[in-house]
Amino acid sequence: MKRLRHYNQGTAIVLSCFGSVVEQQRYVKLQQHISERYPDCHVRMATSSKMVIKKLARKGEVCQSLPQVLADLDTQGYQHILVVSCYLFPTDEHLYLTKIVDGFKQFSLSRIGQTPAIMHHSQLATKLLGALHQRFPVDLGVTYIFIMVRRCWTTLVIKPSIIAIAY
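For reference, each letter of the sequence shown is one residue, going -2 to 164 in the numbering used here.
Have a look at this one:
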């Protein structure tokens, strides 16, 4: 195909996160760490929160949504694009990421793939809670509150609600 000759830029990694005006530096540090770890890959960050994108723009920081980043990388001719889900659980933001990646696969000649959410198996959540229980003894009075969206609870076959575990 004639158009394939324009896809000659190698591999790009996109870190897709919800974003935070307050914690933006953590995402920047993660992006720098991934860039150092994979020097042959172009690393970009995408944010799913429109409010965060607008607030950062007022501060003069450029932040783009996942569709904007994927469109830029496709236009620049990257052969392989890996979208890394930085979401802890498979929430609505992760579902949104999946739909965007699936949509771009329909028309882009880049090979686009994605990772699952960080804790996409209930066993991983159980291990995390166990580790927290070991780290923070019962007598400290620490309370963990987990708020999840309906889709994730349905996946775990649990009724949607707020669960608090007091230690």
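Cβ coordinates follow ideal geometry from the N, Cα and C atoms, glycine included. Source: prediction; values computed, not measured.
May I ask which residues mark the beginning and end of the alpha helix (DSSP H) holding residue 79? Taken as a continuous stretch (DSSP letters only), residue 79 belongs to no alpha helix (DSSP H), being part of the beta strand (DSSP E) at 77 to 82.
Open item on the list: Rounded to whole angstroms, what is the Cα-Cα separation between residue 34 and residue 90?
Closed with: Cα to Cα, the separation comes out at about 26 Å.
| query | Using DSSP with H/G/I as helix, E/B as strand and the rest coil, what is residue 9? | reply | strand
- For residue 50, name the three-state secondary structure that DSSP assigns. It is helical.
Limits of the alpha helix (DSSP H) - the one that residue 23 falls within
Here the alpha helix (DSSP H) through residue 23 covers 21 to 34.
* Identified DSSP bridge partners for residue 65 -> DSSP lists no partner for residue 65.
Checklist entry - Would residue 167 be called buried (16 or more neighbouring beta carbons within 10 Å of its own) or exposed? => result Any question about residue 167 goes unanswered here, given that the chain covers just -2 to 164.
Separation of residue 2 from residue 131, as counted between CA atoms | 55 Å
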